[in-house]
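Numbering (the numbering used here), first residue to last: 1 to 315.
Have a look at the structure below before the remarks.
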């Protein structure tokens, strides 16, 4: 059925009084603690993008979807996303204990939802996008932040590549493993001359539910970024680059939570006291590779036990 998946996506949001259609270049919709943004920052005349979210998103799902098509060059045209607005942000990385992100999604042709995506006619990636800076105020200003840190969970098309080159130690790629997924680290600079670090998953994911703070801990431990840097922005969505057909990016659920040494925010963005003594909650991100337990690091062929909580680091 024509536009079957898009129709189903609309039905998912039907319970709300109305659906917000975000088709303006930077049009947004805010429902604490989340903000949805169409963010077609590099749009051209070869296509379009619109994001849809209900006026009263279900707090347990935060379902939304984006329709898009760009038929020109394969550069990134936009980043339809949902941002997490926490009263804890900005915070220094040394104070970060956990950064929990959960989501479930699907990318499909809008008129043929069950058809496998042709990698030759589609270029896109699903990513968590974080921005940070040594200056507290600048860390919240998108044009002034020094660092962009991305975690790529899925990508389509050969032209969809992280910025820069693989980070290597002793001629071997830096790889971190969380759960059953390994991530390779890339480093480069974007058009704004921001320093970009990208963790690229080794498989195409469609669901996540994990604490991703340890990946930031690796950057700190390796001296790639200072533990004094402020994390100012947390966003998750899809970078849309190229598609010969109309695409539907459907998000069935999304949730985020941040925890520091002294407090945390739940899915509703409210501050809660951290249970127990802060020392029992594990070391700050900056110390994840030097304190703790239950970790194994592989170094030039022989195992070395180091402290990482839920993280395996390969040189």
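Glycine is no exception: its CB is placed at the ideal position from the N, C-alpha and C atoms.
Open item on the list: Distance check for residue 170 and residue 124, CA to CA, integer angstroms please.
Closed with: Numbered from its first residue, the chain shown carries residue 124 at position 124. Numbered from its first residue, the chain shown carries residue 170 at position 170. Going from the Cα of residue 124 to the Cα of residue 170 covers about 32 Å.
TODO: Taking all protein chains shown into account, decide if residue 172 is buried (16 or more other Cβ within 10 angstroms of its Cβ) or exposed.
DONE: Within the chain shown, numbered from 1, the residue matching residue 172 stands at position 172. With fewer than 16 other Cβ atoms within 10 Å, it is exposed.
- [ ] Just mark residue 119 as buried or exposed, buried being the case when its beta carbon has 16 or more other beta carbons within 10 Å.
- [x] Sequence index remark: in the chain shown, residue 119 carries index 119 (1-based). Exposed is the call here.
Task: Span of the alpha helix (DSSP H), counted from its first residue to its last, around residue 221 - done: Position 221 of the chain shown holds residue 221. Where residue 221 is concerned, the enclosing alpha helix (DSSP H) stretches over 213–221.
Task: Of the residues 181, 168, 182, 164, the one placed nearest residue 189, counting alpha carbons only - done: The residue given as residue 189 occupies position 189 in the chain shown. When each option's Cα is compared against that of residue 189, the closest is 164.
- [ ] Compute the Euclidean distance between the alpha carbons of residue 126 and residue 237, then round it to the nearest angstrom.
- [x] Position 126 of the chain shown holds residue 126. Position 237 of the chain shown holds residue 237. If you take the alpha carbons of residue 126 and residue 237, they lie about 6 Å apart.
Open item on the list: For residue 163, list the residues DSSP reports as bridge partners.
Closed with: Translated into positions along the chain shown, residue 163 becomes position 163. Answer is none; residue 163 lacks a bridge partner.
TODO: Under 8 Å Cβ to Cβ from residue 128, same chain only, skipping five residues before and after it: list those, please.
DONE: The count along the chain shown starts at 1 and reaches residue 128 at position 128. Only 101, 150, 151, 153, 212, 234, 235, 236 meet the Cβ criterion.
- [ ] Could you please give the first and the last residue of the uninterrupted beta strand (DSSP E) stretch that includes residue 82?
- [x] Within the chain shown, residue 82 is the residue found at index 82, counting from 1. Taken as a continuous stretch (DSSP letters only), the beta strand (DSSP E) holding residue 82 covers 81–84.
- [ ] Might you give, ordered along the chain, the residues of its own chain that have their beta carbon closer than 6 Å to the beta carbon of residue 227, omitting 5 neighbours on each side?
- [x] By 1-based counting over the chain shown, the position of residue 227 is 227. Excluding positions up to five away in sequence, the list reads 93, 94, 220, 286.
Task: First through last residue of the beta strand (DSSP E) which encompasses residue 76 - done: For the purposes of this step, residue 76 is identified with residue 76 of the chain shown, where counting begins at 1. Per DSSP, residue 76 belongs to no beta strand (DSSP E) and is neither H nor E.
- [ ] Out of 26, 19, 18, 89, state which residue places its alpha-carbon closest to the alpha-carbon of residue 256.
- [x] Along the chain shown, read from residue 1 onward, the residue named residue 256 stands at position 256. When each option's Cα is compared against that of residue 256, the closest is 89.
TODO: On a CA-only basis, which of 196, 205, 55 is nearest residue 182? Give me that one, please.
DONE: What you label residue 182 is simply residue 182 of the chain shown in a count that begins at 1. Residue 205 is the option with its Cα nearest to residue 182.
Task: Exposed unless 16 or more other CB atoms sit within 10 angstroms - verdict on residue 157 - done: Residue mapping note: residue 157 aligns to position 157 of the chain shown, counting from 1. It counts as buried.
Open item on the list: DSSP three-state label for residue 172, please.
Closed with: Residue mapping note: residue 172 aligns to position 172 of the chain shown, counting from 1. In this structure, residue 172 counts as strand in the three-state DSSP scheme.
Open item on the list: Does residue 205 come out as helix, strand or coil in the three-state DSSP assignment?
Closed with: By 1-based counting over the chain shown, the position of residue 205 is 205. Note: residue 205 maps to coil in three-state DSSP.
Task: Local conformation of residue 138 per DSSP, three classes - done: Against the chain shown, residue 138 aligns to sequence position 138. Of the three classes helix, strand and coil, the one that applies to residue 138 here is helix, per DSSP.
TODO: Could you tell me which of 33, 262, 39 sits nearest to residue 86, measuring between CA atoms?
DONE: Position 86 of the chain shown, counted from the start, is the residue given in the question as residue 86. That would be 33, whose Cα lies nearest to the Cα of residue 86.
Task: Range of the contiguous beta strand (DSSP E) that encloses residue 149 - done: Within the chain shown, the letter at position 149 stands for residue 149. 147–156 is the extent of the beta strand (DSSP E) around residue 149.
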